[in-house]
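Below you'll find the structure, written out as structure tokens, and then a few comments.
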Amino acid sequence: MKQIAIYGKGGIGKSTIASNLSAALNEMGQTVMQVGCDPKRDSTRILAGGRFIPAVLEEHREKLRVGKDEYAIDLDRIVYRSPGGIYLVEAGGPEPGVGCAGRGVLTALQILKDLDAFETYGIDVAIYDVLGDVVCGGFSMPIREGFAREIYLVCSGGFMSIYAANNIARAVQRLGLRGDTGLAGIVCNSNGDEALERAVIPAFAQRLGTAFVQFVPRSPVIQAGEMEGRAVVEYAPDSREAEIFRNLARAILANDTRVIPTPIAELAELETMYREHLVKK
Amino acid sequence: MEHGRSRRKTPEPEKCRDPYLRCAFHGAAQTALGVAGSALLAHSPQGCEYLVNNAFAWQACDYMEVITLCTKLCVDEIVHGGEELLERTILEAKDLPISALFVLSACGPEIVGDDIVAVCETLQPELKFRLIPIECAGFRGSQYDGIDIALDAMLKHLVNRSGEKIPNSVCLIAPHANANPTWIADLDWVKGVLAQMGIRVVATLTHRTPLAELEHAASAEASLLLSHDAGQKAADHLSAAHGIEQVCGGIPLPIGMTNTERWLTALGERFDAQKTAESMVVEGERMAMATCRRKWPMARFFYRTPAAIVADATVGIPLVRFVTEDMEMTPDLVALYTSQRSVRDLLERELDDLDLAPTVVYGTDVYRTRQALAETKPKVVFGSTIERHASEGLGVSHVVEVVKMMRQFRMIDREYFGYTGILDLFECVQNEWTMAWRSREKRYEARW
Numbered sequence: 024m025k026q027i028a029i030y031g032k033g034g035i036g037k038s039t040i041a042s043n044l045s046a047a048l049n050e051m052g053q054t055v056m057q058v059g060c061d062p063k064r065d066s067t068r069i070l071a072g073g074r075f076i077p078a079v080l081e082e083h084r085e086k087l088r089v090g091k092d093e094y095a096i097d098l099d100r101i102v103y104r105s106p107g108g109i110y111l112v113e114a115g116g117p118e119p120g121v122g123c124a125g126r127g128v129l130t131a132l133q134i135l136k137d138l139d140a141f142e143t144y145g146i147d148v149a150i151y152d153v154l155g156d157v158v159c160g161g162f163s164m165p166i167r168e169g170f171a172r173e174i175y176l177v178c179s180g181g182f183m184s185i186y187a188a189n190n191i192a193r194a195v196q197r198l199g200l201r202g203d204t205g206l207a208g209i210v211c212n213s214n215g216d217e218a219l220e221r222a223v224i225p226a227f228a229q230r231l232g233t234a235f236v237q238f239v240p241r242s243p244v245i246q247a248g249e250m251e252g253r254a255v256v257e258y259a260p261d262s263r264e265a266e267i268f269r270n271l272a273r274a275i276l277a278n279d280t281r282v283i284p285t286p287i288a289e290l291a292e293l294e295t296m297y298r299e300h301l302v303k304k
Numbered sequence: 043m044e045h046g047r048s049r050r051k052t053p054e055p056e057k058c059r060d061p062y063l064r065c066a067f068h069g070a071a072q073t074a075l076g077v078a079g080s081a082l083l084a085h086s087p088q089g090c091e092y093l094v095n096n097a098f099a100w101q102a103c104d105y106m107e108v109i110t111l112c113t114k115l116c117v118d119e120i121v122h123g124g125e126e127l128l129e130r131t132i133l134e135a136k137d138l139p140i141s142a143l144f145v146l147s148a149c150g151p152e153i154v155g156d157d158i159v160a161v162c163e164t165l166q167p168e169l170k171f172r173l174i175p176i177e178c179a180g181f182r183g184s185q186y187d188g189i190d191i192a193l194d195a196m197l198k199h200l201v202n203r204s205g206e207k208i209p210n211s212v213c214l215i216a217p218h219a220n221a222n223p224t225w226i227a228d229l230d231w232v233k234g235v236l237a238q239m240g241i242r243v244v245a246t247l248t249h250r251t252p253l254a255e256l257e258h259a260a261s262a263e264a265s266l267l268l269s270h271d272a273g274q275k276a277a278d279h280l281s282a283a284h285g286i287e288q289v290c291g292g293i294p295l296p297i298g299m300t301n302t303e304r305w306l307t308a309l310g311e312r313f314d315a316q317k318t319a320e321s322m323v324v325e326g327e328r329m330a331m332a333t334c335r336r337k338w339p340m341a342r343f344f345y346r347t348p349a350a351i352v353a354d355a356t357v358g359i360p361l362v363r364f365v366t367e368d369m370e371m372t373p374d375l376v377a378l379y380t381s382q383r384s385v386r387d388l389l390e391r392e393l394d395d396l397d398l399a400p401t402v403v404y405g406t407d408v409y410r411t412r413q414a415l416a417e418t419k420p421k422v423v424f425g426s427t428i429e430r431h432a433s434e435g436l437g438v439s440h441v442v443e444v445v446k447m448m449r450q451f452r453m454i455d456r457e458y459f460g461y462t463g464i465l466d467l468f469e470c471v472q473n474e475w476t477m478a479w480r481s482r483e484k485r486y487e488a489r490w
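Quick mapping for you: the protein sequence lines, in order, are chains D and U. Quick note: the first sequence uses this note's numbering, first residue 24, plus one each step. Quick note: the second sequence uses this note's numbering, first residue 43, plus one each step.
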């Protein structure tokens with residue numbers, strides 16, 4: 024089973040990329056499970072027809088309230104099958120203001136593992152859509168505990184998204200030393216400034232020691248599909264955008280390289296690199 | 043798989059950064075368990091309960107009288123918060139025959155945001171006893187910080203604001219913040235002195251202190267701090283909120299001839315008991331010297347021997363003068379567990395007064411102690427069992443274990459304060475001197 028995680032700055036489009044990737048992989052005949060690792064539990068909304076599905080930690084909390092533990096949780100109540108046949112899970116989180124969401128995500132993943140979810144559904148590719156940034160140790164747990172093997176960073180040409188990606192690379196560098204986890208590549212989800220992005224993102228990827236995997240343009244087709252609650256390969260199967268996600272899926276399936284990245288240590292160096300490409304543009 | 047960077051180097055094995063002090067949770071437990079007729083609820087994983095057990099022994103609690111409880115938090119309470127479990131545990135304790143329940147929060151619940159204060163306030167109307175929340179997660183500092191946190195919670199929750207001052211009365215603060223493992227005898231000595239001077243103890247914060255004592259602590263005329271490491275904040279609070287004047291502030295605690303004389307004199311002057319103080323000094327010094335004449339301690343063999351003092355400030359600072367004047371040694375190193383401004387000021391005043399310039403290490407850990415011992419090369423160390431190991435191979439001939447001995451059983455409490463305390467310290471030195479001659483190495487080298 025291939026286990027990949029999508030990280031990146033909040034609002035950069037990780038869930039969009041993850042959902043469209045899931046749909047493209049599913050179209051290729053892969054059995055896919057997408058796991059939303061964000062307490063907001065909105066990762067799988069596109070694939071679930073625009074709806075929010077029940078979260079693992081909600082179910083966990085309900086069981087605790089009646090004195091039961093995670094082994095009393097039924098897989099059918101936490102794994103949702105989309106109309107297209109993709110398995111969807113939302114980790115969810117504790118009630119706002121209490122508990123530890125980072126640890127909660129790990130607990131949700133552990134529950135899936137303990138209940139043999141991946142084997143039960145014969146999953147070929149598990150995609151973890153992790154929340155905005157590695158804000159604390161808790162959110163790096165999917166990497167630390169070995170749930171995610173291949174990390175893909177999503178960023179755009181905005182400086183702060185590259186800054187966030189660099190920070191995440193630092194977490195991957197730290198945690199990658201523990202085992203067989205590493206950075207597999209960078210995906211650019213364009214914010215519209217294509218000239219800058221096509222220059223700076225490959226350079227940034229090279230600086231991290233990883234591959235630039237795919238450029239995803241800013242497109243009304245993708246946004247329209249989202250509004251309809253459908254992935255691009257279903258909403259506009261013959262579009263250029265659908266082909267881009269199919270290319271991304273093929274690249275990820277074919278990839279067997281992952282590295283411990285070499286992030287930029289000094290903010291000044293990152294700024295200099297960004298400015299250089301800004302001028303060239 | 044490619045690796046972009048080599049693994050970080052592991053620390054060199056001889057660098058032992060072990061702290062001497064336990065965490066704030068432990069100090070708060072030490073303080074809460076000093077209140078008689080109460081119980082302690084640790085809102086913590088069960089491992090932290092070990093610290094409660096240790097604090098239980100430090101306060102010499104009786105398991106037939108004192109109850110400790112624990113919410114035994116697990117991962118579920120970290121994920122979803124443990125407030126519900128805390129509520130259930132408090133309600134399960136509602137029929138206990140106690141006057142107060144101290145709820146202490148450990149690191150885990152404070153990190154995930156459990157609000158023990160809100161839980162206690164919500165449940166208080168349903169309970170016959172007082173609920174006192176103490177937010178004392180271990181990461182808040184050392185055990186001495188925990189003592190300050192717990193005293194602050196107690197003073198703010200329990201002490202009545204009204205009430206007339208009782209003439210010639212004191213509130214004793216933080217007797218348990220003391221690295222002398224038999225500190226209860228120090229407290230008894232202080233109480234004996236106060237009784238002889240006609241001074242009433244209104245409350246002791248804390249050791250076997252009934253709740254009613256705590257509630258009436260504000261009626262004391264003065265406060266007497268029995269630690270240099272913790273309790274100053276409580277003394278300041280009593281002064282600011284209740285007009286209670288601190289006495290004997292800025293004077294080292296009564297360990298050794300001069301310190302005892304100074305401390306007794308200051309106390310006598312404040313409470314108009316100068317004559318009593320004077321006679322206690324005269325009689326005490328006569329007793330100590332007469333005993334030394336008869337018992338022949340070997341202290342004279344240590345004349346001008348380079349020495350080190352490794353202790354908390356409560357014992358360590360007074361020991362500087364004791365070692366210099368009473369033992370006639372030369373302190374070359376003073377390493378103290380704590381480092382707050384009041385500790386630095388007091389030690390520096392003492393060193394100036396004694397015209398000494400030893401190496402000083404504040405807030406020491408075991409590694410820094412060993413480094414300092416290697417640099418200063420003392421022959422005698424006044425410290426704990428830890429220094430016996432930390433000084434291995436450094437040419438230290440004697441380690442006088444005067445503080446916080448580990449895994450040594452003490453059945454009878456013996457004080458360091460006052461004149462009998464001087465003899466107790468001499469006894470420690472004498473026994474160490476004798477035992478050194480019985481070392482295995484020397485025995486095998488000897489000709490039989």
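Note that CB positions come from ideal geometry on N, CA and C, so glycine has one too. Small disclaimer: the values here were computed from a predicted structure and weren't measured.
Same chain only: Cβ atoms within 7 Å of residue i, ignoring 5 sequence neighbours per side
| i | result |
| --- | --- |
| D:G232 | V282, P284, T285 |
| U:E367 | G298, M299, T300 |
| U:A179 | A66, F67, S147, A148, C149, E152 |
| D:G108 | N49 |
| D:L98 | L138, A140, T143 |
Residue i CB to nearest heavy atom of the ligand COA below 7 Å
| i | result |
| --- | --- |
| D:A288 | Looking at this structure, you won't find the ligand COA or any other ligand, since it has none at all. |
Residue i burial status per 10 Å Cβ neighbour count (16 or more: buried)
| i | result |
| --- | --- |
| U:L128 | buried |
| U:D187 | buried |
| D:L290 | exposed |
| D:K37 | buried |
| D:K32 | buried |
| D:F268 | buried |
| U:P139 | exposed |
| U:E168 | exposed |
| U:L133 | exposed |
| D:I245 | buried |
| U:F344 | buried |
| U:M106 | exposed |
Nearest-angstrom beta carbon gap, residue j and residue i [assumed within contact, 8 Å]
| i | j | result |
| --- | --- | --- |
| U:L266 | U:L214 | 5 Å |
| U:F468 | U:V444 | Going by Cβ atoms, the distance from U:F468 to U:V444 rounds to 11 Å, so no, they are not a contact pair. |
| U:T411 | U:A377 | 5 Å |
| D:A149 | D:Q26 | 5 Å |
Close beta carbons around residue i, own chain, < 6 Å, minus the five adjacent residues each side
| i | result |
| --- | --- |
| D:V236 | G208, V210, A274 |
| D:Y144 | Y110 |
| D:D61 | L154 |
| U:R172 | A142 |
| D:R253 | none |
| U:A70 | L146, I176, C178, G188, I191, A192 |
| D:F238 | C211 |
| U:E255 | A245 |
Contacts of residue i in chain D (Cβ-Cβ under 9 Å)
| i | result |
| --- | --- |
| U:I120 | G122, C123, R126, G127, T130 |
| U:I153 | C123 |
Contact set between residue i and chain D, taken where Cβ atoms lie within less than 7 Å
| i | result |
| --- | --- |
| U:V212 | What U:V212 touches in chain D: nothing, since even the nearest Cβ is about 44 Å away. |
| U:I132 | Neighbours of U:I132 on chain D: none; closest Cβ ~17 Å, over 7 Å. |
Proximal chain U residues relative to residue i, where beta-carbon distance stays under 7 Å
| i | result |
| --- | --- |
| D:P117 | V121, H122, G123 |
| D:L271 | Near D:L271 there are no residues of chain U at all, since even the closest Cβ is about 22 Å away, more than 7 Å. |
Nonlocal neighbours in the same chain, by C-beta distance under 8 Å from residue i, ignoring five residues either side
| i | result |
| --- | --- |
| U:G46 | For U:G46, the predicted model reports a pLDDT of 43, less than 50, meaning its position is unreliable; a value from the coordinates is still stated below. Closer than 8 Å at the Cβ level, and outside the excluded window around U:G46, lies no residue. |
| U:E14 | An answer regarding residue 14 of chain U cannot be provided, because it is not within the stretch 43 to 490 covered by chain U. |
Partner residues on chain U for residue i, Cβ-Cβ distance less than 9 Å
| i | result |
| --- | --- |
| D:L80 | V121, H122 |
Partners in chain U for residue i, counting only beta-carbon separations shorter than 8 Å
| i | result |
| --- | --- |
| D:L87 | D118, H122 |
| D:R84 | H122 |
Where residue i meets chain D, residues with beta-carbon distance less than 8 Å
| i | result |
| --- | --- |
| U:F156 | This sequence places Asp at residue 156 of chain U; Phe is not what is there. Correct list: V121. |
**Q.** At least 3 beta-carbon pairs within less than 8 Å: the segment 175-182 of chain D vs the segment 216-230 of chain D
**A.** yes
Q.
Any contact between the segment 263-278 of chain U and the segment 199-218 of chain U? By contact I mean 3 or more CB pairs, one from each, below 8 Å.
A. yes
Q.
Under 8 Å: do the segment 90-99 of chain U and the segment 118-125 of chain U share three or more Cβ pairs, one atom per stretch?
A. no
(Q) Under 8 Å: do the segment 83-101 of chain D and the segment 185-195 of chain D share three or more Cβ pairs, one atom per stretch? (A) no
Q.
Measuring CB atoms only, is the segment 455-467 of chain U touching the segment 219-230 of chain U, in the sense that at least three cross pairs come out at less than 8 Å?
A. yes
Q | Three CB pairs or more closer than 8 Å across the segment 129-136 of chain D and the segment 154-166 of chain U | A | no
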